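For reference, the structure discussed in these notes is given below.
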Amino acid sequence: MTIVQPTEVAVVDASAARDGASYVDWSAVIAGIVFASAISLLFIAFGTAVGLNFVDFHSREGAPGILIGIAAASWFLWVQIFSLMAGGYLTGRLRRRHFDATEDESDVRDGAHGLIVWAGATVLGAIIAVGGVGAVANMAGSALATATTATSNVAEGAGDALDPNAYFTDQLFRSEQPVAGDTAASRAEAARIFAQAALGDGTVPEADRTYLASVVAANTGLTPEESAARVDAVVVAIDGAKQDALEAARIARNTAIIAAFLLAATTLVSAIGAYWAAQKGGNHRDENTILTDVFRRF
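Residue numbering for the sequence shown follows this note's numbering, starting at 787 and increasing by one per position.
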């Protein structure tokens, strides 16, 4: 006769083990970050493909550049908010709920997971962006080094134009009757005169204008009146180019300020969206909600 010994069953308190664990579900957080980053890359690539269709490199016709810039910025901001909300929702839906908390506390924890997803995806995006800027900077440095090597033969002559005393040295040896035929020296001296004017208020002194007119007349065969008119026209053109450069710098500065404010505002809105979406995902998790209108079972 066989005697069956009673079997001892070990009872493990799963709730105690769960309650002693961390409230942060890192698996769900990482899944949300990866999901948000993938959606962001997908829609940015799609938007880039669509945007390039509106750019015509062979004609000036087509959509204005300002409208393309506004559309691209709007698309980027929408993608940032939407992707982080999607990542927050997925994290809230996947998070393991600890039943030692009230319903309100559980909502707060779900939202906190959404904020962690927002922070992780934002930092990851910043690292990728900085890496891209670094690659561009390395390419620019390589191109600059190549250009420097290719123009090494010209650097010796350019050093005279950068000499702060070259302009004043030229004044010592100015002739009332400039020698015709030495075009290279005349061009270099004219460049130094314009460079000296640019260091001040941009005005070329009358004495320099008179001297430039005589140099132009000696090397071109123009009359003194025509040479003086040409010098005046060049001075006006230089001043116009300077004003255009200042205006372009002002526009670039204002654009950078607006872009920085928009980026900060969008980052804040996306944080709020990720918090709300994670709470909504947690509520759907607790209620066993199935989005039948989006994902139908076949």
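Ideal Cβ positions, reconstructed from N, Cα and C, are used throughout, including at glycine.
Remember, predicted model here, so these are calculated numbers, not experimental data.
Asked	Found
Local conformation of G986 per DSSP, three classes	coil
Outcome for Q1029 when other beta-carbon atoms lying within 10 angstroms are tallied against a minimum of 16	exposed
A1035 CB to nearest heavy atom of the ligand SAH below 6 Å	Among the ligands in the structure shown, none appear at all, so the ligand SAH cannot be discussed.
Separation of G1067 from T1075, as counted between CA atoms	9 Å
Length of the line joining the Cα atoms of R1071 and V894	14 Å
D811 in three-state terms, based on DSSP	coil
4-residue-minimum alpha helix (DSSP H) runs that sit fully inside the region 845-894, ordered along the chain	851-880
G945, buried or exposed, once every other Cβ within 10 Å from all chains shown has been counted against 16	Note that G945 scores 47 on pLDDT, short of 50, meaning its location in the model is unreliable and no value can be drawn from it.
Cβ neighbour criterion (16 or more within 10 Å) applied to E1011	exposed
Rounded C-alpha distance that separates S860 from G988	40 Å
Cβ-Cβ distance between G873 and V903 below 7 Å	yes
Residue from M871, A907, T996 with nearest C-alpha to G897	M871
Validate contact between the region 852-869 and the region 1049-1057 using beta carbons, cut 8 Å, 3 pairs	yes
Extent of the continuous alpha helix (DSSP H) run through D1025	1010-1072
Residues of its chain near L880, where Cβ-Cβ distance is below 7 Å and the 5 sequence neighbours each way are ignored	A814, A817
D994: first and last residue of the uninterrupted alpha helix (DSSP H) it sits in	992-1006
Burial state of F821, where buried means 16 or more other Cβ atoms lie within 10 Å	buried
F885 versus T877 - alpha carbon distance	18 Å
Contact set for V1002: own chain, Cβ-Cβ below 7 Å, skip 5 residues either direction	L1008, S1013, R1016, V1017
Euclidean distance between Cα positions of L827 and D1025	45 Å
Whole-Å CB distance - Y875 paired with A1063, under 8 Å assumed	4 Å
Presumed contact (8 Å Cβ cut-off) between S823 and A907, rounded CB distance	6 Å
Collapsed DSSP secondary structure at D968 in the structure displayed	coil
Residues near A1045 in its chain [Cβ-Cβ closer than 8 Å; skip 5 each side]	A859
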